[in-house]
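**Q** Can you keep this structure in mind? I'll have questions shortly.
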Ligand code: SAM
Ligand code: SF4
Ligand code: SF4
């Protein structure tokens with residue numbers, strides 16, 4: 004018999020950070036081609052997406068999650084690629100929700116498939132939903148997502164999620180200067196009216212395919228000033244140490260808004276996130292070049308204790324703080340793509 008994973012002492016990395024959050028990418032495929040994530044010139048018909056046999060089964064994902072919960076993970080987020088293109092995702096939600104120690108399960112989606120999936124996800128135990136929506140204006144939305152899908156489809160998905168009981172819903176918006184920044188106030192107005200919690204995210208230099216340039220980043224300070232000029236803001240205290248979004252309250256009672264300043268105000272010191280790719284590699288940083296391949300263990304007969312020990316060793320050795328070091332020295336480094344590792 005192997006000892007139950009949850010009996011272990013929480014592990015800390017080289018910088019004394021525990022592992023608290025697990026982001027699971029369930030697929031590297033997507034039904035959109037957002038210009039900052041999967042530009043269609045790169046992710047075309049001949050792009051080598053992962054073959055099915057290389058993708059972890061739900062059972063394999065749950066095994067890794069169970070081991071990491073034993074080491075300290077309390078929050079799990081499902082992402083991708085587009086997680087809802089993976090069939091029967093609600094079954095994975097149900098299994099993760101049943102793991103003792105998991106306090107919170109969330110899903111990040113582009114929202115297109117929510118009309119047929121929201122109710123099953125809710126019934127399976129999903130309580131928190133983030134929908135990525137970068138513009139409310141159809142022309143801008145189409146320019147960002149680049150496959151000829153209208154913004155109405157996402158709005159229908161959001162409405163379906165609300166009807167299924169998700170409320171409030173979080174909206175994530177990446178801001179790219181000259182592409183959607185002129186529409187940020189319209190998006191904020193929509194979120195205020197509908198009671199959704201909006202988070203603006205600085206455009207990040209993830210991967211190598213999106214042609215990232217610093218001048219396309221709209222810094223958090225500018226995002227805040229632009230919002231504040233229309234609806235005066237008041238800062239809100241962080242709800243827990245290391246909260247990534249800086250939150251504000253609209254002084255007129257219009258709810259809250261957050262800004263995630265991954266580029267201009269890095270938060271590596273409090274980064275407690277591990278990321279599992281769809282093909283079973285554990286990444287200890289969003290900007291890591293390589294992950295630790297867990298498949299040889301998972302498919303090679305290792306018992307649960309062996310899997311836990313391997314994960315413990317990986318986390319103990321972690322010293323990542325890419326965003327704090329971001330500079331001319333880091334631009335040439337090998338970096339994993341966002342659609343593969345999931346944001
Ligand atoms: N397809 C799902 C979606 O879009 O919500 C989940 C995966 S997506 C990679 C997760 C999040 O990463 C999305 O909110 C997306 O906007 C964000 N993202 C992708 N590329 C980014 C970049 N270069 N900078 C900042 N955020 C990015
Ligand atoms: Fe797809 Fe999400 Fe990336 Fe857009 S951000 S291309 S929806 S994975
Ligand atoms: Fe965490 Fe890496 Fe992002 Fe720093 S750069 S906050 S270590 S994922």
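In my numbering, the protein residues as written are 4 to 346.
Glycine included, C-beta positions come from ideal geometry on N, C-alpha and C.
1. Tell me the DSSP bridge mates of residue 78?
2. Using 8 Å as the threshold, is the C-beta distance between residue 91 and residue 319 below it?
3. Between the C-alpha atoms of residue 219 and residue 18, what's the straight-line distance to the nearest angstrom?
4. What's the call for residue 12, buried or exposed, on a 16-neighbour Cβ count within 10 Å?
5. With DSSP as the reference, label residue 161 as helix, strand or coil.
6. Can the beta-carbon of residue 190 be found less than 8 Å from the beta-carbon of residue 109?
7. Within a Cβ cutoff of 6 Å, which residues of the same chain sit near residue 248, ignoring the five residues on either side of it in sequence?
8. Alpha carbon to alpha carbon, how far is residue 106 from residue 61?
9. Let me know the secondary structure DSSP gives residue 307 once reduced to three states.
10. Compare the Cα-Cα distances from residue 1 to each of 26, 24, 21, 48 and report the closest residue.
11. Mind checking whether the beta-carbon of residue 311 lies closer than 7 Å to any heavy atom of ligand 1?
12. Could you say if the segment 205-219 and the segment 149-161 meet the contact criterion of at least three C-beta pairs nearer than 8 Å?
13. Closer than 7 Å by C-beta to residue 233: which residues in its own chain qualify, once you throw out the five before and the five after it? Chain order, please.
14. Which residue from 238, 130, 41, 46 puts its Cα closest to that of residue 79?
15. Does DSSP classify residue 199 as helix, strand or coil?
16. Could you give the residue range of the alpha helix (DSSP H) that holds residue 261?
17. Three Cβ pairs or more, each shorter than 8 Å: is that satisfied between the segment 95-104 and the segment 139-148?
18. At 4 residues or longer, and completely inside the segment 158-242: list those alpha helix (DSSP H) runs for me, N to C.
19. Which residue comes first and which comes last in the beta strand (DSSP E) that contains residue 286?
20. Give every residue of the same chain whose Cβ lies closer than 8 Å to the Cβ of residue 4, excluding the five residues on either side of it in the sequence, and list them in chain order.
21. Would you call the CB atoms of residue 195 and residue 251 closer than 8 Å?
22. Would you identify the three-state DSSP class for residue 72, choosing helix, strand or coil?
23. Please name the residue, chosen from 42, 44, 67, that lies closest to residue 29 on a Cα-to-Cα basis.
24. Considering only C-alpha positions, which residue in the set 77, 89, 281, 294 is nearest to residue 24?
25. In this structure, how does DSSP classify residue 343 when only helix, strand and coil are distinguished?
26. Report buried or exposed for residue 151, applying the criterion of at least 16 other Cβ atoms within 10 angstroms of its Cβ.
**A** Checking against the coordinates, here is how it stands:
1. Under DSSP, residue 78 shares a beta bridge with 24, 107.
2. No, Cβ-Cβ distance for residue 91 and residue 319 is not below 8 Å.
3. Near 31 Å, if we compare the C-alpha coordinates of residue 18 and residue 219.
4. Counting Cβ neighbours within 10 Å, residue 12 comes out exposed, since fewer than 16 surround it.
5. Secondary structure of residue 161 (DSSP, three-state): helix.
6. No, these two residues do not count as a Cβ contact at 8 Å.
7. 202, 261, 263, listed in sequence order.
8. For residue 106 and residue 61, the distance between alpha carbons rounds to 19 Å.
9. In this structure, residue 307 counts as helix in the three-state DSSP scheme.
10. Residue numbering for the chain in the displayed model covers 4 to 346; residue 1 lies beyond these limits and cannot be assessed.
11. No; taking the cut-off as 7 Å, the Cβ of residue 311 has no heavy atom of ligand 1 nearer than that.
12. Because the criterion of three Cβ pairs below 8 Å is not met, the segment 205-219 and the segment 149-161 do not touch.
13. The beta carbon of residue 233 sits closer than 7 Å to those of 188, all from its chain and outside the five residues before and after it, given in chain order.
14. With distances taken between Cα atoms, residue 79 lies closest to 130.
15. Reduced to three states, the DSSP call for residue 199 is coil.
16. Under the DSSP assignment, residue 261 falls outside any alpha helix (DSSP H), being part of the beta strand (DSSP E) whose first and last residues are 259-263.
17. Output reads no: the segment 139-148 does not touch the segment 95-104.
18. Residue ranges of uninterrupted alpha helix (DSSP H) with 4 or more members, entirely inside the segment 158-242 and ordered along the chain, are 187-197, 223-233.
19. Element bounds for residue 286: 284-286.
20. For residue 4, the pLDDT reaches just 36, beneath the cut-off of 50, and the residue's location in the model is therefore unreliable, leaving the point undetermined.
21. The answer is no: Cβ separation not under 8 Å.
22. In the structure shown, residue 72 adopts helical secondary structure according to DSSP, grouped into three states.
23. Residue 29 has its Cα closest to that of 67, out of 42, 44, 67.
24. The residue with the shortest Cα to Cα distance from residue 24 is 77.
25. For residue 343, the three-state secondary structure derived from DSSP is helix.
26. Exposed: under 16 other Cβ atoms inside 10 Å.
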